[in-house]
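Under the numbering used here, think of the first position of the sequence shown as 814, with each following residue one higher. From the three backbone atoms N, C-alpha and C, an ideal C-beta is built for every residue, glycine too. As structure tokens, the structure follows; a few thoughts come after it.
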Amino acid sequence: MLLEVLAVLAALAVLGSLGALGAGTGATTSPGAGGDPGALAPRVATATATERAAAPSPRPGSAAAPWGWPTGSRVVERAWEAPSSDYAAGHRGLDVPAALGRVASAVDDGTVAFAGAVGGRTVVTIDHGGGLVSTLDSVTPLVTAGDEVEQGDPVGTVSVGHCPAAAPCLHLGARVDGRYVDPMPYLPPAEWPVLLPESSWPG
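Here it is as structure tokens:
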């Protein structure tokens, strides 16, 4: 009798071991099968890492926005107005109020691509690499083409040109691969906007 009991117990132990192996196999191949969550951890971690590698970079304008405001002011006096075509009317950048003579700073690290007069206005253009360029209009340059600058370095002082002397401002433009784009996604959020009707703006 004792031998029979021991045989039954041994058989049950073998069946239990096989059941545990089956459950582990199910958890590895079928995540919803109710297996051990620990068995899924390596696969979940690998999938997450793959997704992060394939995901696009954080959108500029988020907490990781690369640019800084050129005069310290985060007030937008006139916002970007997308033109209907390359040659149509629009506002290819944004204006921030700034007193004449106010120092304008580089929005990000880069190389000064141009510093001088264009169409009767003086501008500073900085190449940030990767096809991204910023333009400050109108400023009296404090730099020359070829200068390496870091974010926050003084590159010019606000002058009359894009905006009249009665209502001076600094115009910030952005270009990607030669095409103008809205600068706002590259900047931390504005404090508050004051959007003037196009008919009331002489710039």
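Selection HIS904, HIS984, THR938 evaluated against GLY974 yields HIS984 as nearest (Cα-Cα). The secondary-structure analysis by DSSP pairs VAL888 across a beta bridge with TRP1005.
Straight across, the Cα-Cα distance linking GLY885 with THR970 is about 13 Å. The alpha-carbon separation between THR938 and PHE927 amounts to approximately 5 Å.
The Cβ-Cβ distance between VAL968 and LEU949 falls below 8 Å. Taking a 10 Å sphere around the C-beta of GLY923, we find 16 or more other C-beta atoms and assign the residue as buried.
Burial state of TRP1005 is exposed, judged by a 10 Å Cβ sphere holding fewer than 16 other Cβ atoms.
The C-beta distance from ARG905 to TYR999 rounds to 14 Å, too long to meet the 8 Å contact threshold. Of the other Cβ atoms in all chains shown, fewer than 16 fall within 10 Å of the Cβ of GLY944; this residue is therefore exposed.
Residue pairing by DSSP places GLU963 in no beta bridge whatsoever.
Sequence-distant Cβ neighbours of SER951 in its own chain, meaning closer than 6 Å and more than five residues away, are ARG934, THR935, SER972, GLY974, HIS975. Judged by DSSP in its simplified three-state form, PRO998 adopts helix.
ALA917 and ALA987 have their alpha carbons spaced roughly 15 Å apart.
Excluding five sequence positions before and after TRP880, the CB atoms of its chain that fall closer than 6 Å to its own CB belong to VAL920, ASP921, TYR999, LEU1000, given in chain order. In this structure, GLY929 and PRO954 form a Cβ contact; the two beta carbons are roughly 7 Å apart against a cut-off of 8 Å.
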